[in-house]
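The structure appears below as structure tokens.
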Ligand code: NAP
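In my numbering, the protein residues as written are 549 to 1049.
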């Protein structure tokens, strides 16, 4: 990447979570100095700032869940706890001077493309003009509240896991939790230790892989301090392991899937002896169809004497608690909604319009799609990080953002060197890419007879359906044939640039 390129773009990065911090660092390394990061909250951290529920941790090994350029010798656990991860991002953003580029407590209300520039209006009434916008707004951050009759009539405390109310003390209380996904598994393991009673409202059972946690000793940490090479090796080793176990197993099946299936079924058999409870916990779909849950504590928690697994289905919610399909009323003091997120909202509800006044809602009216996840036709010089089809099942999103970040920088470099007048993928390229995504579906576990956020409303993949290696290979270099190559007059509206109202 040349640092003396002809044009020095102004870039606005939206969001100072894991990806926004990364992009601020990468842009500066590429010699791009005019970078502003807009962050709606008062701190960096994104998902790790927002999710503070009891038991919050990352089920990807900590030494793999780091930026490749800066390991963390201080991880305390193999599966880092949420506060450790938040501290890591805060430290990185302070050490790399990212914080100075962030405007906190300022969200983007509107973002319009006109005359080759992006015009942004913020919640503080400020206006910015930029050549490029990078939406580092995350995937799973719009809480999904269940559509259950009477939800709002409940008189006790009720909150979503991503909006945990730490003023509510659960000790000794009658607590109910709706959901049994990755989040719920972590919450249940923790709160079952102190709640007076805990009722788990399970709609669908989950396959669970037992991967024990471990605490890192002072000696182990000391060996890593100041030794990035050693941390690199550790990251690569874990990445290799995860790729060759989960990722390959869920995307291409074969013996790896057979092995994974055997492991999780054995885990259930060995961990839950009561045949009635085991039957309730046994999924009827393929292993990996829903996101595999990694937990060495969930089955133990479910079998605590104060815990009840309710599978009758929720009929409605009333003032006192939850009424299940068998007519039973479950009296509760607290109801926790571990009901997941809206995965297709991305940067919305921001008022985003691209070329010729095309709004993102129009562009996505039929389906949320992008080209190579990051480019949306009609939205020149706009990149959506971790967009549709970028997540790779049970893999580190940090590694995904790094691959996408390099790809985006290569595209910006084309603009800097005047080889692309504006970076905009063609509609045909997007269609081809999405057909390719559909073709990959058949061999994945996600079509194994379940519902999950891994599939969209048409049953098509929201994730990358091939291998990690295939993804990195295809993202290594942008294929310029897939981008508009016209002169600015052809792809940039001719009206003069004007300031956004
Ligand atoms: P999720 O996987 O979408 O699970 C939501 C749960 O709520 C499911 O059990 C679902 O049941 C249940 N549910 C939703 N609406 C319901 C309703 N109306 N009635 C009854 N049950 C209802 O959400 P999540 O657990 O928050 O996880 C989301 C994603 O976050 C994960 O897939 C993962 O990518 C990420 N995550 C990662 C980690 C990590 O350690 N790396 C930890 C937590 C989360 P059904 O299964 O029947 O739909």
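Quick reminder that beta carbons are idealized off the backbone N, C-alpha and C, glycines included. Every value quoted in this text rests on a predicted model; they were computed, and no experiment measured them.
Counted within 10 angstroms of its Cβ, other Cβ atoms place residue i as buried (16 or more) or exposed
i            : result
residue 959  : buried
residue 1045 : With a pLDDT of only 37 at residue 1045, under 50, the local geometry of the prediction cannot be trusted, and the value read off the model is given with reservation. By the neighbour-count rule (16 or more Cβ atoms within 10 Å), residue 1045 is not buried but exposed.
residue 1026 : buried
residue 979  : exposed
residue 768  : exposed
residue 929  : buried
residue 598  : buried
residue 807  : exposed
residue 1007 : exposed
residue 703  : exposed
residue 791  : buried
residue 737  : buried
residue 942  : buried
residue 679  : buried
residue 774  : exposed
residue 727  : buried
residue 1012 : buried
residue 620  : buried
residue 766  : exposed
residue 649  : buried
residue 833  : buried
residue 574  : buried
residue 802  : exposed
residue 830  : exposed
residue 615  : buried
Cβ neighbours of residue i in the same chain (closer than 7 angstroms, five flanking residues each side left out)
i            : result
residue 1047 : Unreliable placement is indicated for residue 1047, whose pLDDT of 33 sits below 50; the coordinate value is still reported in the next sentence. 667 and 675.
residue 590  : 652 and 653
residue 1014 : 799 and 988
residue 730  : 607, 839 and 841
residue 576  : 583
residue 949  : 566, 567, 570, 933 and 934
residue 744  : 720, 721, 722 and 854
residue 964  : 553, 554, 555 and 557
residue 995  : 989
residue 618  : 640
residue 1086 : Residue 1086 falls outside the range modelled here, since the chain spans only 549 to 1049, and no answer is possible.
residue 1037 : Note that residue 1037 scores 46 on pLDDT, short of 50, meaning its location in the model is unreliable and no value can be drawn from it.
Same chain, Cβ closer than 6 angstroms to residue i, neighbours up to 5 away in sequence not counted
i            : result
residue 906  : 926
residue 568  : 561, 585 and 684
residue 892  : 916
residue 819  : 847
residue 1049 : Residue confidence is low: residue 1049 scores 26 on pLDDT, short of 50, so the model does not pin down where it sits. No coordinate-derived value is stated.
residue 563  : 684 and 685
residue 973  : 919, 923, 925, 1030 and 1031
residue 600  : 712
residue 646  : 569 and 572
residue 885  : 708 and 726
residue 710  : 598, 599 and 691
Neighbourhood of residue i by C-beta, 8 angstroms cutoff - its chain only, sequence neighbours within 5 removed
i            : result
residue 815  : 756, 757, 758 and 847
residue 922  : 931, 932, 933, 935, 938, 952, 955 and 956
residue 825  : 850, 851 and 857
residue 909  : 896
residue 1028 : 962, 967 and 968
residue 795  : 940, 941, 942, 943, 1015 and 1016
Strand pairing of residue i, partner residues [DSSP]
i            : result
residue 650  : 585
residue 660  : 667 and 901
residue 1011 : According to DSSP, which records beta bridges pairwise, residue 1011 is partnered with nothing at all.
residue 558  : 582
residue 691  : 889
residue 625  : 763
residue 615  : 618
residue 681  : 560 and 930
residue 1031 : 973
residue 675  : 669
residue 1003 : 1009
residue 572  : Note: residue 572 sits in no beta bridge, so no partner.
residue 605  : 629
Contact test: residue i Cβ vs ligand 3 heavy atom, cutoff 7 angstroms
i           : result
residue 685 : The model on display carries ligand 1 but not ligand 3.
Any chain C beta carbon closer than 8 angstroms to residue i
i           : result
residue 939 : Checking the listed chains, one finds no chain C in this structure; it contains a single protein chain.
Give, in chain order, every unbroken run of the alpha helix (DSSP H) that is at least 4 residues long and sits entirely within the segment 767-821. 776-790, 796-800 and 802-819
Hey, which unbroken runs of the beta strand (DSSP E) at 3 residues or more fall wholly within the segment 705-776? 705-708, 722-726 and 745-749
At what residue ranges does the segment 816-894 contain a whole run of the alpha helix (DSSP H), taking only runs of 4 or more? 823-828 and 846-850
So within the segment 901-985, which uninterrupted beta strand (DSSP E) runs reach at least 3 residues, ignoring any that extend past its ends? 930-932
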